[in-house]
Amino acid sequence: MNMETVLKTNHIVKYFHEPETFKVLDDINLNVNRGEFLTITGKSGCGKSTLLYILSTMDTLYEGELEIAGQKLTGKSQNELARFRNKHLGFVFQFHYLLPEFTALQNVMIPGLKLGRYTKDEVEYRAIEKLKLLEMDKFAVKKANKLSGGQQQRVAIARALINDPDIIMGDEPTGNLDKKNTHNVFAIFKNLSLSHKQTIIAVTHDPEFAENSDRVIEMSDGQIIAP
Amino acid sequence: MALKLDINIAKTHLFSRKRQTIIASLGVTFGIAMFIVMISFMTGVDHLLEETTLTATPHIRIYKDVEAASKTILDDVNKNHFNVVHHIKPHGEQLNLKNGLNIAMLIEKDPAVMGVSPQLTSQVFYNFGPTQLGGSISGVNILSEDKLYGIRKKIKSGSLEALLSSNDGIIMGKGLADKLNVKTGDRVQITTPRGNTMQVRIVGTFKFGIGTIDNMRSYANISTVQTILQRDTRYITDIHVKLKDMDRAPEFAAQYAQQFGYKAEDWQTANATILISFTIRKVLTYVVVTTLLIVAGFGIYNIMNMTIYDKMKDIAILKATGFETINIIRVFIFQALFIGIMGGLLGLLIGFLISLALSNTPFDGGEFLSVDTFPVNMQVKYYIFGMMFGVISTLLAGYFPARKASKIDPVNILRG
Chain A
15 MNMETVLKTN HIVKYFHEPE TFKVLDDINL NVNRGEFLTI TGKSGCGKST
65 LLYILSTMDT LYEGELEIAG QKLTGKSQNE LARFRNKHLG FVFQFHYLLP
115 EFTALQNVMI PGLKLGRYTK DEVEYRAIEK LKLLEMDKFA VKKANKLSGG
165 QQQRVAIARA LINDPDIIMG DEPTGNLDKK NTHNVFAIFK NLSLSHKQTI
215 IAVTHDPEFA ENSDRVIEMS DGQIIAP
Chain B
182 MALKLDINIA KTHLFSRKRQ TIIASLGVTF GIAMFIVMIS FMTGVDHLLE
232 ETTLTATPHI RIYKDVEAAS KTILDDVNKN HFNVVHHIKP HGEQLNLKNG
282 LNIAMLIEKD PAVMGVSPQL TSQVFYNFGP TQLGGSISGV NILSEDKLYG
332 IRKKIKSGSL EALLSSNDGI IMGKGLADKL NVKTGDRVQI TTPRGNTMQV
382 RIVGTFKFGI GTIDNMRSYA NISTVQTILQ RDTRYITDIH VKLKDMDRAP
432 EFAAQYAQQF GYKAEDWQTA NATILISFTI RKVLTYVVVT TLLIVAGFGI
482 YNIMNMTIYD KMKDIAILKA TGFETINIIR VFIFQALFIG IMGGLLGLLI
532 GFLISLALSN TPFDGGEFLS VDTFPVNMQV KYYIFGMMFG VISTLLAGYF
582 PARKASKIDP VNILRG
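Structure, rendered in structure tokens:
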């Protein structure tokens, strides 16, 4: 198996300054391979979500270096990072975070339209395919704020997949899902990593979800303790 | 493609939250409507007062000033002595302008001059039955006078032409005619300070809307007044001049005084106290309007700020999924533009309707002002300015918070 590195961190350190200065992440060195299904676990407050936001380039206030798909991202401008996220990263938030006034379909389509790789009709077709994958196609024309928490989360996962990103990141991506849908999402992630060589990085509290992934990283007090 | 997407997002924001869009637009509407009404009304009042005060005032009046005799014959005889003479009487000077008609013709040739009206004025008593009222009579060429003061529009009965074709006709101030209880066609007797009397016929009445004129003055032909005063046909006491640009009056007055050797008084000097009150009122208008605009501007800024603050999470999501600063700014600029234009147009309409209603509201100006309704000055430039102010302030109020929001890390918004 070709072990190409897709994500690499170099001595990442992060402080919180409110209410008082506190070291959240302490010297994180991480290598993630292309096609790897990685989960990050740990007690709440250990810094795993903070790490994930740094990896997703949505947090730029840290020390150390971040490299994804061969590009050094540390120090890049907001606009460059936005373009990079659009093309290379898919993100599933803990609290689903859809645009409330848009339909499920529009929410999935917007990053695709922004990228502009496909025409509008193609983006729409692909968006419906992704929604089908998550069994959300029948809610396609429903406004996002009319969907339940679990439904919103599944739409958010479909959105993360729309541009066929190199890495899909999820902060508790199955946190609001029932057992059946959790299994479905897990199967989708597994399939993406195996057959499409897309990398999955997910923060989770679900031991079963973590156990079945390729690699589990455990964090405590801002440090990686295992493996 | 990207622009279309940004506009579509903006549209969805605007139309899925109609209530908020409407409220934000109404914020703009209110500010602009208030601005339109206030500026139209305040400048309307200014113009009315300025007009009524200045319509009957010449820009420059050339006349012969009575000078107190400062020298006596003793000073010529005893040159090296200190002479004291009590109770020196003024000379029996004639108040006429020599060559007055020629001077008037000369002035009229200047292209900067709008009109010239040579005239002679005298104090007279008007007698009708037992009533005797003091007043004045102005002998004028009524057509020149009309060119200067627009008398034709102020005629309440009779006509200018009736005066032209009459030897003993006068056009009397409406207030004076009412006091004497006479009307067009009646005859009154006038008495000059020297005791001459003459029967004249009223061929018309006028009303300037200024009590001191309407209750005192009559117009007659120059020849009529010359006859009453028993003067020759070249006897002229005043030359009234109106310029195309009234602000140049002092400069022309000085020139005339030097050129003709008579006193030339500009309207600013003649109306110094009124001029000060104009200036103060103008300053007041600007202060009120500026305050209004500042308040409206802050209102618009607050509303736009809230609209964008409400959308912080959306901004973070858009950024997280790949939207750049320019996209975010465009989304909100488009919304601001829409709110500014809709609110602005509605504001202009409401401002116009209120101004219109105000200009039709009955208002009794009393003796001194000839108005029936509130004075409102409707000018296209105020509407253009109001619209521009509304749109530009909304744009800025949308731009700055959007730019700020688009520059922070999405995580700071998402993690609260």
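Residue numbers (the numbering used here), protein chains in the order written: chain A, 15 to 241; chain B, 182 to 597. Built from N, CA and C at the ideal position, the CB exists for glycine as well.
### Task
Determine the closest residue to I352(B) out of M427(B), G376(B), D327(B), with distance taken between C-alpha atoms.
The candidate whose alpha carbon is nearest that of I352(B) is D327(B).
### Query
For M15(A), does the three-state DSSP call read helix, strand or coil?
With a pLDDT of only 46 at M15(A), under 50, the local geometry of the prediction cannot be trusted, and the value read off the model is given with reservation. M15(A) falls in the coil class under three-state DSSP.
### Query
Where does G163(A) sit, in a helix, a strand or coil, going by DSSP?
In the structure shown, G163(A) sits in a helix (DSSP, three-state: H, G or I).
### Query
So, is Q411(B) buried or exposed, given that buried needs 16 or more other C-beta atoms within 10 angstroms?
Exposed, because fewer than 16 other Cβ atoms sit within 10 Å of the Cβ of Q411(B).
#### Entry: Cβ-heavy atom distance, Y467(B) to the ligand NAD, below 7 Å
Of the ligands one can find in the structure shown there are none, so the ligand NAD has no counterpart to examine.
### Task
Would you mind stating whether V122(A) and P187(A) have Cβ atoms separated by less than 8 Å?
No, Cβ-Cβ distance for V122(A) and P187(A) is not below 8 Å.
### Message
I need the DSSP call for K364(B), collapsed to helix, strand or coil.
### Response
It is coil, neither helix nor strand.
### Message
If the cut-off is 7 Å on Cβ atoms, which residues from the region 214 to 244 of chain B count as contacting chain A, listed in chain order?
### Response
Flagged: no residues at all.
### Query
Straight-line CA distance for I394(B) to L357(B)?
Inter-residue distance for I394(B) and L357(B) is about 9 Å (C-alpha atoms, whole angstroms).
### Task
Note down the Cα distance separating S298(B) from Y443(B), rounded to an integer number of angstroms.
Taking the straight line from one Cα to the other gives about 16 Å.
### Query
For D553(B), does the count of other Cβ atoms within 10 angstroms reach 16, so buried, or fall short, so exposed?
By the neighbour-count criterion, in which a residue is buried when 16 or more other Cβ atoms sit within 10 angstroms of its Cβ, D553(B) is exposed.
### Task
For V363(B), I'd like the list of residues in its chain whose CB is within less than 7 Å of its CB, leaving aside the five on either flank, ordered along the chain.
F309, V369, I383, listed in sequence order.
### Task
Using a Cβ-Cβ cut-off of 8 Å, state whether S206(B) counts as contacting chain A.
Residue-level contact check: S206(B) does not touch chain A, since none of the beta carbons of chain A fall below 8 Å from its beta carbon.
### Task
Could you tell me how far apart the beta carbons of G212(B) and G571(B) are, in whole angstroms, since I believe they sit closer than 8 Å?
About 7 Å; that satisfies the 8 Å criterion.
### Query
What separation, rounded to the nearest whole angstrom, lies between the Cα atoms of M15(A) and T196(A)?
With a pLDDT of 46 at M15(A), under the threshold of 50, the predicted position of this residue should be treated as unreliable, though the coordinate-derived value follows. The straight-line gap from Cα to Cα measures roughly 28 Å.
### Start and end residues, alpha helix (DSSP H) containing H421(B)
First-last for H421(B): 419 to 424, but that is the beta strand (DSSP E), not the alpha helix (DSSP H).
### Message
If I follow the unbroken alpha helix (DSSP H) through P431(B), where does it start and stop?
### Response
Unbroken alpha helix (DSSP H) run through P431(B): 430 to 441.
### Query
If the cut is a Cβ gap below 7 Å, which residues of chain B does A96(A) touch?
Chain-ordered, the chain B residues with CB closer than 7 Å to the CB of A96(A) read K500, G503, F504, E505.
### Task
Just tell me which of F306(B), M568(B), I531(B), K463(B) has its CA closest to the CA of V381(B).
With distances taken between Cα atoms, V381(B) lies closest to F306(B).
### Message
Quick check on P582(B) - is its C-beta less than 8 Å from some C-beta in chain A?
### Response
Not an interface residue.
### Task
Would you decide whether R140(A) is buried or exposed? Buried here means 16 or more other CB atoms lie within 10 Å of its CB.
That one is buried.
### Message
Between K33(A) and chain B, is any beta-carbon pair separated by less than 8 Å?
### Response
In the sequence as displayed, the identity of residue 33(A) is Pro instead of Lys. At a cut-off of 8 Å between beta-carbon atoms, P33(A) makes no contact with chain B.
#### Entry: Residues bridged to M487(B) [DSSP beta-bridge criterion]
Answer is none; M487(B) lacks a bridge partner.
#### Entry: Complete alpha helix (DSSP H) runs within the region 331 to 408 of chain B (minimum length 4 residues, chain order)
Scanning the region 331 to 408 of chain B from its first residue to its last, the whole alpha helix (DSSP H) runs of 4-plus residues come out as 332 to 335, 341 to 345, 355 to 361, 392 to 395.
### Closer than 8 Å to chain A by CB, P591(B)
So, interface residue.
### Task
Compute the Euclidean distance between the alpha carbons of T488(B) and V469(B), then round it to the nearest angstrom.
Rounded to whole angstroms, the separation of the alpha carbons of V469(B) and T488(B) is 29 Å.
#### Entry: Cβ-based burial, P543(B) [other Cβ within 10 Å; buried from 16]
Exposed, since its Cβ has fewer than 16 Cβ neighbours within 10 Å.
### Message
I want to verify the contact list: residues of chain B whose CB lies under 7 Å from the CB of F3(A), in sequence order.
### Response
The structure shown does not extend to residue 3(A), since chain A is modelled only from 15 through 241, so no value can be given for it.
### Query
Taking the alpha-carbon positions, what's the E151(B) to K270(B) distance?
Past the boundaries of the shown model lies residue 151(B); chain B is included only from 182 to 597, so the question cannot be answered.
### Task
Taking F389(B) as the reference, give the member of L186(B), V226(B), T234(B), K192(B) with the closest Cα.
For F389(B), the nearest C-alpha among the options comes from T234(B).
### Task
State yes or no: is the beta carbon of D495(B) nearer than 8 Å to at least one beta carbon in chain A?
Taking Cβ atoms only, chain A reaches closer than 8 Å to D495(B), which makes this a yes.
### Task
Tell me whether S162(A) is buried or exposed, calling it buried when 16 or more other Cβ atoms sit within 10 Å of its Cβ.
It counts as exposed.
### Task
For the region 44 to 119 of chain A, list the beta strand (DSSP E) runs that are entirely contained and at least 3 residues long, ordered along the chain.
List check, beta strand (DSSP E) in window: 51 to 56, 77 to 82, 103 to 106.
### Query
Using Cβ-Cβ distances below 8 Å, what residues of the region 158 to 171 of chain A are close to chain B?
Correct list: empty, as no residue qualifies.
### Task
Just tell me which of T71(A), F153(A), E225(A) has its CA closest to the CA of I2(A).
Residue 2(A) cannot be examined here, being either before or after the span of chain A that is shown, 15 to 241.
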